[in-house]
Amino acid sequence: MLDFRSYKVSVRVNDQDVPIYRPEYDEDTKTATCWIASEEGQAFTIFCQQAESFRYTSSAEVCLDGSRKPATGIVLGKGRNYFGHITGVRVSQTSRRPFEFASLETTDDDAYLDQPLGLKAPGTIHVQMSRVRVTRDSVWKPRRVPEAASIVHEKSKKAGGHITRLGKQEVAAPAPKPIKHKPYHPSDIDPWVSFEFRYRPAAILQAEGIMPKPQASQNNSPHEDDDDEMEAEHKAEILALEVSNDRREYRPETHQTLRTCIKAEQAALDARRAALKAKAKNINIKREASPIRVPRNTVAGVIDLTLEYVRIYFGGDSTGRFTESPP
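Structure below.
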C-alpha cells in the first residue's frame with residue numbers, strides 16, 4: 001500500500017493488498033510510484049482511503065495504461081465514507097465489468113510492425129486524488145471506455161507485458177446516486193496527490209531485480225527445490241531477454257539472431273531440466289553384503305585378509321579345507 005499526503009491507495013486481489021516493490025515518493029510532483037506483480041486473467045480492485053484528519057471531500061479517478069481519460073472514479077472524505085473500492089466500470093446501475101490483467105497479444109504479421117499500440121503507457125494504473133466541493137446531485141449515465149488495440153508484433157519491445165482489460169459483465173450492487181463536483185479551491189488545478197502502480201509479470205520483475213525470487217519450500221526434496229528454482233530462473237531469463245529491448249532500440253539485423261539464441265537456450269534448459277528429473281528418480285543405492293568374513297578368534301583386532309581371500313577365491317571352508325577344485 002502506498003501512503004502519501006493524507007491518502008492511502010493499494011491494488012487488491014482477493015481482498016488482499018498486492019505487495020509493492022521499490023516505492024518512491026516525490027514531493028515536487030506530488031506522486032507516489034511502485035511496482036507490483038500481475039498475473040494474466042486475475043481480477044483486481046483499487047482501494048482508496050483518506051485520513052479522517054484531512055477535512056475535505058475528495059474525488060478518486062483511475063486512468064489505465066496511460067489513458068488521459070479516467071475509466072471510473074469515486075467520491076470520499078468529509079461527509080462520506082473515508083474509504084472506497086473501485087472494482088471496474090459500470091455498464092448499468094446494477095452491473096459492471098471488472099478490471100483484469102491481460103497479456104498483450106502478439107502476431108508475426110508485418111503489418112503490425114509500425115502500427116502504434118494505442119496505449120501510451122501499458123502496464124500502469126494511475127490514481128488521481130483531488131480536493132473537491134460537491135455541488136449537486138446528478139443523473140446516472142453509463143460510462144463508455146473505449147478499449148485500445150492490444151495486438152503487437154512479436155518483435156515489439158512491448159511483447160511479454162501486461163495491460164488492463166474489462167472482464168465479462170457481472171451483477172453489482174445498485175449504483176450510488178451520482179453527484180457533480182468542482183475543485184475545492186481555484187488553485188486545485190492539479191490533483192492533490194497521484195499514485196502510480198507499474199505492473200509486470202513476476203518473472204520479469206524477478207529478472208530485473210525488482211522483486212525477490214521465491215525461497216525453496218521446506219516440504220520439497222532437494223531435487224525438487226533445485227529443479228523448481230532452476231525452472232523459475234530459466235523462465236525469468238528468457239522473458240528478460242525477450243523484453244530487454246525496453247532499454248535499447250530495435251535493430252532488424254540483430255533480432256533474428258537474438259530469437260535464435262533464445263530458442264536454443266530454451267531447448268538446452270529444457271533438456272537439462274529433464275535430465276535432472278530423470279537422474280533424481282533413478283538414484284537407488286543398494287548395499288551388497290561383503291564377501292569377507294571376520295573370524296571370531298581374531299586377536300587384537302588384526303584381520304588376516306590374505307587367508308580369507310584364499311578361502312573365498314579357491315572355495316575353502318572355515319577350516320581351511322577346499323570343497324571343490326581351484327579354477
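For what it's worth, our numbering labels the leading residue of the sequence shown as 1, then goes sequentially.
Using N, Cα and C, we set each Cβ at its ideal position, and we do this for glycine too.
With residue i as the anchor, note down where its alpha helix (DSSP H) starts and where it stops.
i: L205; result: A202 to A207
I need the boundaries of the beta strand (DSSP E) containing residue i, first residue and last residue.
i: S103; result: S95 to S103
i: Q49; result: A43 to Q50
i: H162; result: H162 to L166
i: K8; result: Y7 to V13
i: F4; result: L2 to F4
i: I74; result: T72 to G77
Please work out which residues of its chain come closer than 8 Å, Cβ to Cβ, to residue i, disregarding the five sequence neighbours upstream and downstream, and give them in chain order.
i: G41; result: E100, F101 and A102
i: Q169; result: V91, S95, R96 and R97
i: E52; result: Y82
i: I179; result: V75, V134, T135, R136, D137 and S138
i: P23; result: L2, A32, T33 and C34
i: E249; result: Residue confidence for E249 is low, a pLDDT of 42 falling below 50, so the modelled location carries little weight; the figure read from the coordinates is stated next. Contacts found: none.
i: V171; result: T94 and S95
i: R80; result: T57
Going by beta carbon distance, what residues of the same chain come within less than 7 Å of residue i, once the five residues before and after it are set aside?
i: Q16; result: none
i: A43; result: P98, F99, E100 and G167
i: A175; result: R90, Q93 and W140
i: D188; result: S130 and R131
i: S59; result: G73, V75, S130, V132 and H181
i: I285; result: Because the pLDDT at I285 is just 49, under 50, the model does not fix this residue reliably, and the value given afterwards should be weighed accordingly. Excluding positions up to five away in sequence, the list is empty.
i: V11; result: V18, I36, F44, I46, I125 and F197
i: K78; result: R55, Y56 and T57
i: Y184; result: Y56, R131, V132 and R133
Once you ignore the five residues that flank residue i on each side, which residues in its own chain have a CB closer than 6 Å to its CB?
i: Y7; result: Q50, M129 and V193
i: R5; result: V193
i: C397; result: Absent from the model: residue 397. The displayed extent of the chain is 1 to 327, so no value can be given.
i: R165; result: E100 and A102
i: F54; result: S6
i: K213; result: Q206
i: G209; result: none
i: G88; result: R96, R97, P98 and F99
For residue i, write down the residues that DSSP places opposite it in a beta bridge.
i: M129; result: A60 and V193
i: W35; result: Y21 and R198
i: G88; result: P98
i: D137; result: I179
i: D26; result: T31
i: E170; result: R96
i: F83; result: Q49
i: Q361; result: With the chain covering only 1 through 327, there is no way to say anything about residue 361.
Between residue i and residue j, how many whole angstroms is the CB-CB distance? I'm expecting something under 8 Å.
i: I20; j: I36; result: 6 Å
i: V62; j: V127; result: 6 Å
i: G136; j: T33; result: Residue 136 is actually Arg in this sequence, not Gly. At roughly 35 Å, the Cβ-Cβ gap does not stay under 8 Å, so R136 and T33 are not in contact.
i: R200; j: S38; result: 6 Å
Step through the CB atoms of chain D and report whether any lies within less than 7 Å of the CB of residue i.
i: V193; result: Any reference to chain D falls outside this structure, which holds one protein chain only.
How do the stretch 61-68 and the stretch 23-34 stand: do at least 3 beta-carbon pairs fall below 8 Å, yes or no? The stretch 61-68 is not in contact with the stretch 23-34.
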